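Data first, discussion second: the structure below is written as structure tokens.
Number of protein chains: 2
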Amino acid sequence: MISVALMGHGVVGSGVAEILTTHKQKLFSSLGEEIYLKHILDLRDFPDSPLCDRFTKDFEEIIADREVRVVIETMGGINPAYEFTKRCLKDGKSVVTSNKELVARHGAELLSLAKENNANYLFEASVGGGIPILRPLHQCLVANEVQEIAGILNGTTNFILTKMINENMNFEDALKLAQDLGYAERNPEADVEGHDACRKICILASLAYGKHIYPDNVHTEGITKITLEDVEYAAAYGCVIKLIGKCKLLETGLMDIMVAPMLVPCTSQLANINDVFNGIMVRGDCTGDVVFYGKGAGKLPTASAVVADTVDCCKHLKARKYLYWTDTSENCIADHNESLTKIYLRLEASDAENAYNKAQEIFTDITRLERADAPESEVAFVTEKELPYGKILEAVETLEQSGIKVASAIRIGNL
Amino acid sequence: MISVALMGHGVVGSGVAEILTTHKQKLFSSLGEEIYLKHILDLRDFPDSPLCDRFTKDFEEIIADREVRVVIETMGGINPAYEFTKRCLKDGKSVVTSNKELVARHGAELLSLAKENNANYLFEASVGGGIPILRPLHQCLVANEVQEIAGILNGTTNFILTKMINENMNFEDALKLAQDLGYAERNPEADVEGHDACRKICILASLAYGKHIYPDNVHTEGITKITLEDVEYAAAYGCVIKLIGKCKLLETGLMDIMVAPMLVPCTSQLANINDVFNGIMVRGDCTGDVVFYGKGAGKLPTASAVVADTVDCCKHLKARKYLYWTDTSENCIADHNESLTKIYLRLEASDAENAYNKAQEIFTDITRLERADAPESEVAFVTEKELPYGKILEAVETLEQSGIKVASAIRIGNL
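As structure tokens, then:
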């Protein structure tokens, strides 16, 4: 019997407790030992829980218990999860987490602490919820140079965009529906501004390339400016708009990493990932494109990934997993202004033809897009060649200085 | 430095040798040690290979070499791979393979031999080529009851069906093209009759449920009877025809397992998997549907999976991986005649209306399908309710006894 403790009995944490109970037999037959959930840390009371005798409000009880070899952290947020995790690892207890914010912010330090203390720090559930992605990326694709990772990493924004694309619902209404269904928080900023997706692409990039990538250094755009007009033009170009977290290894050895809405060709595997589902494409030099698809969030999918990591920790009580990356002061990220992309632009001007001609002068090689019932003041096009993002920003400024409003500028994903 | 040996320098084997050379640094940084390819067993001569000094024609050289801890078997076929693998495992050498035929036929015995001798037997490459599937199924989804596995497991047949669906090419022409492109063997039977897909669904089912499922016990149909008429009717019903390997756990505890062409709704993730690509859906009780997509065959994708397993073996020289299933004499497979499915039928009769009425009498609840330019003698429909396969066979016989030809009968996949 291996004793474990759970910190945080919220959505994911209660799911973990549930799976450890309902899947006891399955887990036993895989591990050959019973996993015993000895303590549950939460400041709230759960008098009706079948595990009510296990609850504690005192972290010290967990740290002091020598029998507890694995601690499951599903508290979320930085504090006190960060301090608690450090103390567990320093004590030689392995830690399993679903806390993407903490891993993206302090992963390198916590992995290093785990290594020093011959413990493990695992976080499969932090990216893609129930989708196996970190272990496959790290273990199964080890014989590949990972050239690119690109994914739909946030279910809430994918739900909103799907409603906009398939049901012609505008952003505000789709967001409200997502909130009503419990997919979006009342303060949806972390989702719709791309911060959640950013944490996840940082974790994926850190794991793939072995160096900690901090979210603050990653160019991040959300989906709040996407309109139904853009959705229509994208369709006319054979694309759907998706929020993509992407990291590409450049020949310079630097990473072209970003989170941004992109026009994704309908032929791409990522184009068919709808609603709250996530999908992650890993492009290896040997495998070619591999795509992982499934529920990126939710109580039981996420909890099942946490429990799988817990089993893995229990199997490796005396051995270390090789999952690792290091902190580095050197710059790993390429200047985003140098990032090459084709772009879709939607302009508004009193003289649309003039605006289009002006755009053609600036970009040279562009293709005009049409949509039904477009107002006369509107013109939309895509560039045929990739341009550095900085050049695109300059062009946008030139257009605006000529009295032409750039209503939308969305990258075209080469996915 | 860890010494390994390679048996079989064919397509996959030469890819393994290539990756071990070209990705030496990447593998070293993951493993912390060098993997040294000490022997390559092949009856042919490769005087131009940069590794020509490593070749041997004598298996005894490998078995006698105490330094060799891991043996990579990419010979394919049962003999002599079976004997060689047994001898390696009995000697305590771990074995890695891409040989689906051998794993499907003798997996339980070889896993048991590995266990007895404290060695590992890994075969990620045997299913899905470069797609990580066995390790995710076994490790990442351990906290799930796997309710169903369904996949496009054979790239050759998927290529043929894609050509039929997208380019209106008939089966014979598509097969010939596949052969010209090197996707199909000159004797294509193993692919087009479903045997290759059958081996793979057997390996997946064995791993998911812990009991060896033998291919000979699995109902297997190929795609040789699929016509362009069927493709058209499928499209009219919002479906594409795919060769599906499927295993569903029934409430009885038995498995409903088969390989058969199926009408797959275009909304299914499996419908969008085209050309030589494979896709495997795993339905877990906690995760819901998870789908893995990528290249299911080919030199480097498959070899990269073999090398990843090799790295895993090298990391676990003193420990056993838990991947395991047992042989069992008890019957695990449900009677295929009891397997429930909706069905699509295409009939040919001198009086098509009469044939449709007769079909309606037999099946009660059916929906007629239309296609352009159908001859007057043709009628096609789908049943609205699931029926046991045995009942469908009886109905087909009744129709044929009435002088109605059942030109096609294809299951409708609930995927």
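Chains A and B, in that order, are what the protein sequence lines are.
Counting in my numbering, the first sequence runs from 222 upward without gaps.
Counting in my numbering, the second sequence runs from 222 upward without gaps.
For glycine and all other residues, C-beta sits at the position ideal for the given N, C-alpha and C.
Values in this document were obtained by computation on a predicted structure and should not be read as measured data.
Assumed close pair residue i, residue j - CB separation to whole angstroms, cut-off 8 Å
| i | j | result |
| --- | --- | --- |
| Leu-491 (chain B) | Ile-462 (chain B) | 11 Å between Cβ atoms; not a contact. |
| His-557 (chain B) | Tyr-610 (chain B) | 6 Å |
| Leu-614 (chain B) | Ile-564 (chain B) | At roughly 10 Å, the Cβ-Cβ gap does not stay under 8 Å, so Leu-614 (chain B) and Ile-564 (chain B) are not in contact. |
| Lys-516 (chain B) | Thr-508 (chain A) | 6 Å |
Residue i versus residue j: straight-line alpha-carbon distance, rounded
| i | j | result |
| --- | --- | --- |
| Val-324 (chain B) | Gly-236 (chain A) | 36 Å |
| Pro-301 (chain A) | Leu-382 (chain A) | 34 Å |
| Ala-529 (chain B) | Lys-278 (chain A) | 44 Å |
| Thr-619 (chain A) | His-433 (chain A) | 37 Å |
| Thr-604 (chain B) | Gly-376 (chain B) | 29 Å |
| Tyr-435 (chain B) | Gln-581 (chain B) | 38 Å |
| Cys-468 (chain A) | Lys-421 (chain A) | 11 Å |
| Ala-364 (chain B) | Asn-408 (chain A) | 32 Å |
| Lys-542 (chain A) | Val-627 (chain A) | 50 Å |
| Glu-496 (chain B) | Glu-599 (chain B) | The amino acid at residue 496 (chain B) is misidentified as Glu; the sequence shows Asp. Rounded to whole angstroms, Asp-496 (chain B) to Glu-599 (chain B) spans 30 Å at the Cα level. |
| Glu-388 (chain B) | Tyr-342 (chain B) | 42 Å |
| Leu-355 (chain B) | Asn-493 (chain B) | 22 Å |
| Asp-506 (chain B) | Ile-293 (chain A) | 21 Å |
| Ile-386 (chain A) | Leu-449 (chain A) | 8 Å |
| Gly-372 (chain B) | Met-502 (chain A) | 18 Å |
| Phe-584 (chain A) | Gly-349 (chain B) | 44 Å |
| Ala-399 (chain B) | Lys-314 (chain A) | 54 Å |
| Glu-282 (chain B) | Ala-226 (chain B) | 10 Å |
| Val-512 (chain A) | Asn-499 (chain A) | 10 Å |
| Leu-464 (chain A) | Ile-447 (chain A) | 10 Å |
| Ala-405 (chain B) | Asn-391 (chain A) | 48 Å |
| Glu-569 (chain A) | Ala-601 (chain A) | 9 Å |
| Arg-592 (chain B) | Ala-395 (chain B) | 22 Å |
| Leu-264 (chain B) | Gly-466 (chain B) | 35 Å |
| Ile-587 (chain A) | Cys-423 (chain A) | 33 Å |
Three-state class that DSSP yields for residue i in the structure shown
| i | result |
| --- | --- |
| Leu-343 (chain A) | strand |
| Glu-369 (chain B) | strand |
| Phe-380 (chain B) | helix |
| Val-363 (chain B) | coil |
| Tyr-404 (chain A) | coil |
| Gly-641 (chain A) | For residue 641 (chain A) there is no data in the structure shown, the boundaries of chain A being 222 and 636. |
| Arg-589 (chain B) | strand |
| Asn-438 (chain A) | helix |
| Thr-531 (chain B) | helix |
| Gly-273 (chain A) | One detail in the question is off: residue 273 (chain A) reads as Cys in this sequence, not Gly. The answer is helix: DSSP assigns Cys-273 (chain A) an H, G or I state. |
| Met-385 (chain B) | helix |
| Asn-493 (chain A) | helix |
| Ser-560 (chain B) | coil |
| Ile-501 (chain A) | strand |
| Pro-301 (chain A) | coil |
Residues near residue i in its chain [Cβ-Cβ closer than 7 Å; skip 5 each side]
| i | result |
| --- | --- |
| Asp-451 (chain B) | Ile-462, Arg-567, Ser-629, Ile-631 |
| Val-532 (chain A) | Leu-248, Ser-251, Leu-252 |
| Glu-442 (chain A) | Gly-415, Val-480, Ala-481, Pro-482 |
| Ser-427 (chain A) | Gly-328, His-433, Ile-434, Trp-546 |
| Val-232 (chain B) | Lys-520 |
| Phe-267 (chain B) | His-230, Cys-273, Phe-276 |
Chain A residues whose Cβ lies nearer than 9 Å to that of residue i
| i | result |
| --- | --- |
| Arg-356 (chain B) | Pro-353, Arg-356, Pro-357, Gln-360, Cys-361 |
| Ala-529 (chain B) | Gln-360, Cys-361, Leu-362, Val-363, Ala-364, Asn-365 |
| Val-511 (chain B) | Gly-351, Ile-352, Pro-353, Phe-513, Tyr-514, Gly-515, Lys-516, Pro-522 |
Own chain, CB closer than 6 Å to residue i, minus 5 neighbours either side, in chain order
| i | result |
| --- | --- |
| Arg-504 (chain B) | Gln-368, Glu-369, Asp-510 |
| Glu-667 (chain B) | The structure shown does not extend to residue 667 (chain B), since chain B is modelled only from 222 to 636, so the question has no answer here. |
| Met-487 (chain B) | Position check: residue 487 (chain B) holds Cys in this sequence, whereas Met was assumed. Once the five neighbours on either side are set aside, the close Cβ partners of Cys-487 (chain B) are Gly-459. |
| Cys-309 (chain A) | Val-292, Val-316 |
Under 8 Å from the C-beta of residue i: neighbouring residues of chain A
| i | result |
| --- | --- |
| Glu-366 (chain B) | His-244, Lys-247 |
| Lys-536 (chain B) | Tyr-543 |
| Ala-540 (chain B) | Ala-540 |
| Glu-345 (chain B) | Cys-361 |
Residues that residue i contacts on chain B, provided the C-beta gap is smaller than 7 Å
| i | result |
| --- | --- |
| Thr-508 (chain A) | Gly-351, Gly-515, Lys-516, Pro-522, Ser-525 |
| Lys-467 (chain A) | Chain B residues near Lys-467 (chain A): none, gap ~18 Å exceeds 7 Å. |
| Ser-333 (chain A) | The contacting residues do not exist; Ser-333 (chain A) stays about 16 Å from chain B at best. |
Closer than 7 Å at the beta carbon, the chain A residues around residue i
| i | result |
| --- | --- |
| Asp-533 (chain B) | Gln-360 |
Other residues of its chain near residue i: CB distance less than 8 Å, five sequence neighbours each side excluded
| i | result |
| --- | --- |
| Met-476 (chain B) | Ala-426, Tyr-430, Ile-434, Cys-468, Lys-469, Leu-470, Cys-553, Ile-554, Ala-555 |
Chain-ordered neighbours of residue i on chain B, where CB pairs are closer than 9 Å
| i | result |
| --- | --- |
| Ile-240 (chain A) | Ala-364, Asn-365, Cys-507 |
| Ala-429 (chain A) | Here the premise fails: no neighbours, minimum Cβ distance about 11 Å. |
(request) Name, going along the chain, the residues of the region 483 to 503 of chain A whose beta-carbon falls closer than 7 Å to a beta-carbon of chain E. (result) Considering every chain present, this structure includes no chain E. Its protein chains are A and B.
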